[in-house]
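Here is the structure we will look at, set down as structure tokens.
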Amino acid sequence: MVPLRPPFVDERGEIQNLVDAPLGSALVITSKHGATRGNHYHKTDFHYCWLQRGGLIYAHRPVGERGAYQRWVIQPGQLFYTPAMYEHIMEFTED
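Residues 2 to 96 in our numbering are what the sequence shown spells out, letter by letter.
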């Protein structure tokens, strides 16, 4: 999990900074209940993922490790991170 800094708030609304770091890309992904994504690893790439709505179970472990995956239940508004060389999987529990 990656903690979010407090948003900037004024009378117009708020701005929530999700990631303040060098990035190669930003994506929007939609998935349906029961879908599985990931189930692979990247040699050099990394992911920051923020869940807008729905729900998912996220799991990862270092490449080549035979032990259990670390698992998290991700709720809307949560940001999570996948480092390079980590096997990772997302199982969507809601649309």
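Here a beta-carbon is modelled for each residue, glycine too, at the ideal position from N, C-alpha and C.
My parser needs the beta strand (DSSP E) runs of 3 or more residues fully inside the segment 22-57; what are they?
37-41, 48-51
For Met91, which of Ile58, Asp11, Val74 has the nearest alpha-carbon?
Ile58
Measuring alpha carbon to alpha carbon, tell me which of Phe81, Trp73, Glu88, Thr83 ends up nearest Glu66.
Glu88
Between Phe93 and Gly55, is the Cβ-Cβ spacing less than 8 Å?
yes
Are the beta-carbon atoms belonging to His43 and Glu95 less than 8 Å from one another?
no
Between Arg6, Thr31, Asn40, Gly25, which has its C-alpha nearest Leu19's C-alpha?
Arg6
Would you mind sorting Thr83 into buried or exposed? The rule is 16 or more other CB atoms within 10 Å of its CB.
buried
Limits of the beta strand (DSSP E) - the one that Gly14 falls within
14-16
When you measure from the CB of Ala85 to every non-hydrogen atom of the ligand ADP, does any distance come out below 7 Å?
Ligands in the displayed structure: none, and consequently the ligand ADP is not present.
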